[in-house]
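Okay, so here's the structure we're looking at.
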Amino acid sequence: MDWNLWISCFLMFCMTGMKALDIHQPLSMINTARTSIVLDPFVSISAAPDLLGLQGQHVDFVTITFKRPYRAAATDWIGVFSPAIFNSSVCVQDKTVPNRDFYPLLCTAPIKYQYANFSSPGYVEDCEGSMKFRLINQRADFAFALFSGDIYQPVLLAVSNIITFAYRKFPAYPRLALGKLWNEVTITWTSGYDLLEATPLVVWGRQLKKDEFMSGAGTLSFTESDMCGPPARTVGWRNPGYIHTSYLKNLWANTKYFYRVGHLLQNESYVWGTEQFFSSPPYPGEDSVQRVLIFGDMGKVSL
Ligand SMILES: *[C@@H]1O[C@H](CO)[C@@H](O)[C@H](O)[C@H]1NC(C)=O
Ligand SMILES: *[C@@H]1O[C@H](CO)[C@@H](O)[C@H](O)[C@H]1NC(C)=O
Ligand SMILES: *[C@@H]1O[C@H](CO)[C@@H](O)[C@H](O)[C@H]1NC(C)=O
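FYI, full-length UniProt numbering numbers position 156 of the sequence shown as 156, with every residue one higher than the one before it.
Written out as structure tokens, the structure reads:
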């Protein structure tokens with residue numbers, strides 16, 4: 001009897017006092033606060049397709065093409081922004097920093113970046129290039145920007161069209177954890193539906209016997225003001241969506257279960273995640289192999 005126990009520890013570390021060029025995370029090397037904006041009508045960048053995840057998948061690829069007809073440099077880079085509106089209209093003034101000598105022009109850090117020559121080694125000579133980014137659905141739209149000046153003195157030259165996932169709010173990323181008792185499992189997932197918009201639920205049962213239960217779920221979220229300070233409150237903030245948790249109880253030991261997370265909308269229609277499976281825990285003391293995986297502080301980006 002072999003049961004893999006996945007313990008997900010979501011440890012929320014507050015990121016206080018982080019300096020602009022702290023390199024504990026590749027994205028934190030980007031000097032967002034010192035970005036200048038020199039939009040250049042001759043520089044262009046565009047993203048295709050406009051709609052991602054048309055088959056309901058939450059991961060998809062986008063192709064970026066860009067052109068800088070003169071002065072293309074090896075230090076030019078492409079930043080991915082989500083939400084797509086990232087100009088100073090969305091700046092949250094950071095009152096916790098006293099005697100501020102300037103206000104930043106860019107108040108959202110990119111969620112990913114890559115040098116323009118990454119997939120186009122001839123970029124500097126050809127003055128144009130393209131690359132692919134793998135994006136995950138985190139319920140917001142995306143825009144792409146071409147910068148010069150490397151990541152240390154970024155100069156924003158051009159911004160792309162806006163693209164988005166087709167099913168942005170749909171329930172996604174279910175994760176399982178052991179409940180308080182041996183025969184309970186908790187299911188947590190994320191969606192874009194708050195409690196006023198839809199009721200979260202799980203449909204589940206033994207896979208072979210086809211019994212089917214429906215359990216409701218709780219909904220939680222957090223905001224900038226729950227963070228200790230910048231950059232978590234400012235350039236590093238990204239809306240976490242709504243986090244739903246349901247408790248599946250009175251499970252049989254060592255039994256394969258199916259489950260499907262979903263939401264009952266106001267108009268009585270349902271939206272569903274894809275069907276998934278798990279094997280329930282063994283009865284305590286039964287002869288079995290247990291594996292424990294502990295992880296935490298995963299951040300909110302995909303690198
Ligand atoms: C691409 O750009 C990076 C960053 O400026 C540089 O280190 C690298 O040498 C460049 N590669 C090519 C093939 O030019
Ligand atoms: C920010 O971008 C939006 C959409 O492109 C635009 O309507 C708005 O005027 C911009 N605001 C500033 C301050 O640049
Ligand atoms: C219910 O509302 C959702 C979201 O507004 C919509 O996509 C769906 O088509 C509606 N379903 C019905 C049966 O009206």
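By construction, the Cβ of each residue, glycine as well, lies at the ideal position given by its N, Cα and C atoms.
Span of the beta strand (DSSP E), counted from its first residue to its last, around residue i
i	result
VAL124	Unbroken run through VAL124 is the alpha helix (DSSP H), 123–126; no beta strand (DSSP E).
LEU27	Counting along the chain, LEU27 falls outside any beta strand (DSSP E), and DSSP gives it neither H nor E.
TYR242	242–248
ILE205	Checking the sequence shown, residue 205 turns out to be Gly, not Ile. Counting along the chain, the beta strand (DSSP E) containing GLY205 begins and ends at 198–206.
MET214	213–216
LYS256	256–265
TRP189	185–191
residue 378	Absent from the structure is residue 378, since the part of the chain shown begins at 1 and ends at 303.
LEU251	Segment: none, LEU251 is in no beta strand (DSSP E) and carries neither H nor E.
PRO174	172–178
residue 314	Given that the chain is displayed from residue 1 to residue 303, the structure contains no residue 314 and the question cannot be resolved.
TYR270	270–272
ILE294	289–295
PHE278	276–279
Near ligand 3: residue i beta-carbon under 7 Å from a heavy atom
i	result
LEU135	no
LEU201	no
SER191	no
LEU195	no
LEU265	yes
SER269	yes
Own chain residues within Cβ distance below 8 Å of residue i, not counting five before or after
i	result
ASN99	A caution first: ASN99 carries a pLDDT of 48, below 50, which makes its placement in the model too unreliable to give a value.
VAL124	ALA72, ALA73, ALA74, ASN117
GLY192	ARG139, ARG168, LYS169, PHE170, GLY241, TYR242
SER130	THR63, ILE64, THR65, PHE66, SER119, SER120
LEU54	ALA166
GLY122	GLY129
Residue i CB to nearest heavy atom of ligand 1 below 7 Å
i	result
ASN31	no
residue 306	Coverage of the chain is limited to positions 1 through 303, which leaves residue 306 absent and any answer about it impossible.
TYR113	no
ALA74	yes
ASN117	yes
Cβ shell of residue i (< 6 Å), same chain only, five flanking positions each side left out
i	result
TRP237	GLU224
TRP182	PRO281, PRO284
TRP272	ARG260, GLY262
PHE61	LYS132, ARG134
VAL59	ILE136
MET15	Here MET15 scores only 35 on pLDDT, less than 50, and its place in the model should not be relied on; the value that follows carries that caveat. These residues qualify, in order along the chain: ALA232.
LEU195	THR219
MET227	ARG233
VAL185	LEU176, GLY179, LEU248
PHE258	GLN207, GLU275, PHE277
ASN87	none
THR164	ASP141
Own chain partners of residue i with C-beta closer than 7 Å, once the 5 adjacent residues on each side are dropped
i	result
GLN57	none
MET298	none
GLU212	VAL203, GLY205
ALA217	PRO200, LEU201, VAL202, HIS244, THR245, SER246
VAL90	CYS107, THR108
LEU21	At LEU21, the pLDDT of 48 sits below 50, so the modelled position is not reliable and the matter cannot be decided from this model.
Residue i beta carbon near ligand 4 (any heavy atom closer than 7 Å)
i	result
PRO121	The ligand content of the structure shown is limited to ligand 1, ligand 2 and ligand 3, which means ligand 4 is not among them.
Say whether the region 75–90 touches the region 201–210, bearing in mind that this needs 3 or more beta-carbon pairs closer than 8 Å, one atom from each stretch. For the pair of segments examined, the region 75–90 was found not to touch the region 201–210: the number of CB pairs separated by less than 8 Å stays below three.
Completely contained beta strand (DSSP E) runs for the region 37–121, where each covers 3 or more residues: Entirely contained in the region 37–121, the beta strand (DSSP E) runs reaching 3 residues are, in chain order, 44–48, 59–67, 77–81, 112–115.
Say whether the region 155–162 touches the region 30–50, bearing in mind that this needs 3 or more beta-carbon pairs closer than 8 Å, one atom from each stretch. Yes: the two stretches touch, three or more of their Cβ pairs being nearer than 8 Å.
Report yes or no: do the region 165–181 and the region 144–153 share at least 3 C-beta pairs separated by less than 8 Å? When Cβ pairs closer than 8 Å are counted between the two stretches, the region 165–181 is seen not to touch the region 144–153, the count staying below three.
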